[in-house]
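Chains as they are written, first to last, in our numbering: chain A, 4 to 350; chain B, 3 to 315. All C-beta atoms, glycine included, are put in the ideal place defined by N, C-alpha and C. Below: the structure, in C-alpha cells.
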Ligand SMILES: [Zn+2]
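Written out as C-alpha cells, the structure is:
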C-alpha cells in the first residue's frame, strides 16, 4: 500500500542548560500541547504515538514510561518507543502510517542532559570490549574525526570556526547560545568550544498525517518523498572518518539526488561533521544549510535529529522551501544516519 | 517557589560479558603481550579483530599476529583527562594502524604535548604491568623511532584463555524531582500527604507525577489526602533486601489514602504479617526527623468496603 505521508505540525521547547525545576514529563507536555494545538487534534484523535529518548541521559530507568503520562496513555493507546533519537521514532511512525494502520501519528523526543555528564554518558554506547573500557568521551571521538579531515585537506581550524559562527548567527528563537560565540579554547584539540554543541535539555514533537487527512490539518503539508537510514561498521578504525557512505546511501534511497533541494537541515553536532555531510550529500553552494542553526545552536540529545526534520518541514509549511533534505545522526563520528526528503505542493 | 530539591545518585554496575573465540584470542593475547588480528576473506587484517566481516558479514576466524608497533592515522590532544581514561595526565587519543594490520585501534598515546604528535608518527605499545586479558592491558602507546616490532610467532592458542571480561560502568547524576514531586516531598516533610487534581477528569493523583495519564494535561490543584487509608492489595516479602534493616516476612501494600484516586505503596507494620487483608484501614507512622512515613499501621476502624476501593486496585 502506498500512501503519501506528510509532516503537518512541528513544535519544540527552548533548549536550556538546566531544567532542574521540572521533571521530564513536565518539560515535554507543553510541547505536546503546542504541536496538537497547531492541528486542532486531541490526544484521543491520534492513531499512533512513537517517542525517542534515552534513560541513560538522566539516569532514570524507564523514564519514557513516565513521559507517556503527557500524552494521556491510559487506557492504553497504540504507542512505541525507540531508545534513539526521535528521528528514528518518526521512521517507525512513517512505516506504520504507510501500512494503513493509522492515519495520524504523534512523534516526540526529549532529552535531559543536565542531571548527568553527557560526555561520559555517551561512552556507554561504544563497543563494550575494546572501546568503552577506555572511556573515550564524545568530544574526543569527534576530535579524531576533525583531525582526520584536517590531515586530508578537507578543512582547517578557521573553516571549522566559520561553521560554528554561521550556525550560531541564526535568528531561531529556540537556539541556546545566540549571537557571536567566541571560538573558545580547545576542548579536545583540534575542537574548540565553538566547534562543540551546547549541552541542553529540550523536547521536540511533530504530527504526521496520511493523504487527504494531511491536507485537512495543514495548509501546506511537508510530504515525505523518501526516508531511509543506514549504519556503518562499529569499529572506528575500520571506517574512513572523512566520509559518510551511510549518509550517501540513505540519501540515494530517499531520492535526495533525483532533484536538487533548496534547504538542508543537517544534524552535525560537531562543526567538522558538517564538512563530511555536505560532501556526502553533494550539497551545492546554493543550498541553505541549517537556517535553524542546527545542532551547534541547540542540541537536546535524542531530540535534535527529529528537530532537523521538524525545522525542514516548518519551512515548507511557511512557504520558505519547496524541497528540503533533513538529516539525523546517532552514535560516534556519524555512525548511523537518516535522511528524509520533504516537499511542499507546487505553488 | 521553593528551592529545587537535589540529590546525588551514582548508577554503577559491573557488566560481565562473555567473549567469542576471536575476542577471546585477542584479549588473551594482550595478557601475553601478543597482538592478534583477524584475516578477512579478501585478505585484509583487522585489528582489533572482530568475529564477522564488517563488509560482507562473513564469519571470520583466521587469527594472525601483528607487530606491537604502528603508525598514527589520526589523533586528538586531550589536555584534561576524565575519569576512567587510560592516562591521568594530558595525552593524545590516537587511532593506530599496527604494522601488519589494515585497520586502526583506538587508544591513548603518552606524549609530552600536542607539538610532539602528528598523523603518520611511529608508535609502539606500552604494556601494562598487570594484565588480565582486557584492552587496558595496553597501558597506552608511546613514541617509537625504530623498525617494525618483532613478532613472537604466537598462534593465538594460549593456556587459560580468557572467556569473559568484567567491565565496570559508573555514571554520576544529580537528581531533581520536578515541580509536582518537589511539592509532594516538601509536604511529606511537614507530615502531610498532598496530591494533585486533574483539571479535566478531577482525579487526585498521589504521589503526583505532574500529568494526568488519562487526559494528558498538567495536574496543578493541590489536595491534601489521608492521613487514613485503605489497603487495596498487598504482598508478603520473604527476602531480606540488602542494606535494609527490616525483618522478614513483612507486608508491602497498595494503600488508597482517603481522598486519593490512585493507590500509593508502603510497608504495613504494627500487625502480624498474616493478618493483613484487603480493606484494612491504616494510617502513616512518622519517625522523629523522618521526611516520609516509615510505615503504615492499622487504625482499628472497621475494614473498608470492597466497592469503595475496587477501582484503585
Ligand atoms: Zn485527567
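Against chain A, the CB of residue 20/B has no partner CB under 8 Å away; the residue lies outside that interface. Look at the region 59-85 of chain B: the residues with a C-beta under 8 Å from a C-beta of chain A are 75, 76, 77, 78, 79, 80, 81, 84, 85.
Going by beta carbons, residue 287/B and residue 233/B fall outside the 8 Å limit. Judged by their CB atoms, residue 151/B and residue 124/B are not nearer to each other than the 8 Å cut-off.
Around the beta carbon of residue 338/A, 16 or more other beta carbons lie within 10 angstroms, which makes this residue buried. Within 7 Å of the C-beta of residue 216/B there is at least one heavy atom belonging to ligand 1. Close partners of residue 74/A in chain B (Cβ separation under 7 Å): 218. Here the region 52-70 of chain A makes contact with the region 84-96 of chain A; the two share three or more CB pairs at distances below 8 Å. Residue 177/B belongs to the set of residues whose beta carbon lies under 8 Å from a beta carbon in chain A.
Chain order gives the chain B residues near residue 150/A as 76, 77, 78, 121, where near means a beta carbon separation below 8 Å.
For residue 90/B, the CB contacts under 7 Å within the same chain, skipping 5 residues up- and downstream, are 83 in chain order. In the three-state reduction of the DSSP assignment, residue 250/A falls in the helix class, which pools H, G and I.
Here residue 277/B is exposed. Its C-beta has fewer than 16 other C-beta atoms within 10 Å.
In the three-state reduction of the DSSP assignment, residue 301/A falls in the coil class, being assigned neither a helical nor a strand state. Of 52/A, 135/A, 60/A, the smallest CA-CA separation from residue 95/A is found for 52/A. Secondary structure at residue 196/A: helix, using DSSP grouped into helix, strand and coil. Listed in chain order, the non-local C-beta contacts of residue 237/A below 7 Å within the same chain comprise 130, local neighbours out to five positions each way being set aside.
Shown here, residue 216/A sits in a helix according to DSSP, grouped into three states. Closer than 7 Å to some heavy atom of ligand 1: that does not describe the Cβ of residue 116/A. One thing to note: residue 126/A has its Cβ within 8 Å of the Cβ of residue 140/A.
The beta carbon of residue 273/B sits closer than 6 Å to those of 300, all from its chain and outside the five residues before and after it, given in chain order. Taken in chain order, the whole alpha helix (DSSP H) runs of length 4 or more contained in the region 212-236 of chain B number zero. About 5 Å separates the beta carbon of residue 258/A from that of residue 344/A, a gap short enough to meet the 8 Å contact definition.
DSSP, reduced to helix, strand and coil, places residue 126/A within a helical segment of the structure shown.
Taking a Cβ-Cβ cut-off of 9 Å, the neighbours of residue 174/B in chain A comprise 62, 119, 120, 123, given in sequence order.
Among the bridge pairs identified by DSSP, residue 108/A is matched with 51/A, 211/A. Around residue 211/B, the beta-carbon contacts reaching into chain A at under 8 Å are 26, 28, 69, 72. The C-beta separation of residue 29/B from residue 171/B comes to about 18 Å, leaving the pair out of contact by the 8 Å criterion. Only 189, 191, 192, 193, 194 from the region 168-197 of chain A bring a Cβ to less than 8 Å from some Cβ of chain B. For residue 64/B, the CB contacts under 8 Å within the same chain, skipping 5 residues up- and downstream, are 40, 41 in chain order.
The straight-line gap separating the alpha-carbon atoms of residue 280/A and residue 146/A is approximately 16 Å. About 4 Å separates the Cβ atoms of residue 10/A and residue 225/A, confirming a contact at the 8 Å cut-off.
In the DSSP annotation of this structure, residue 262/B is not part of any beta strand (DSSP E), being labelled neither H nor E.
Counting only the Cα atoms, residue 128/A lies some 12 Å from residue 144/A.
Distances from the alpha-carbon of residue 177/A to those of 334/A, 311/A, 36/A put 311/A closest.
Following the DSSP letters along the chain, one finds residue 234/A inside the beta strand (DSSP E) bounded by residues 225-234.
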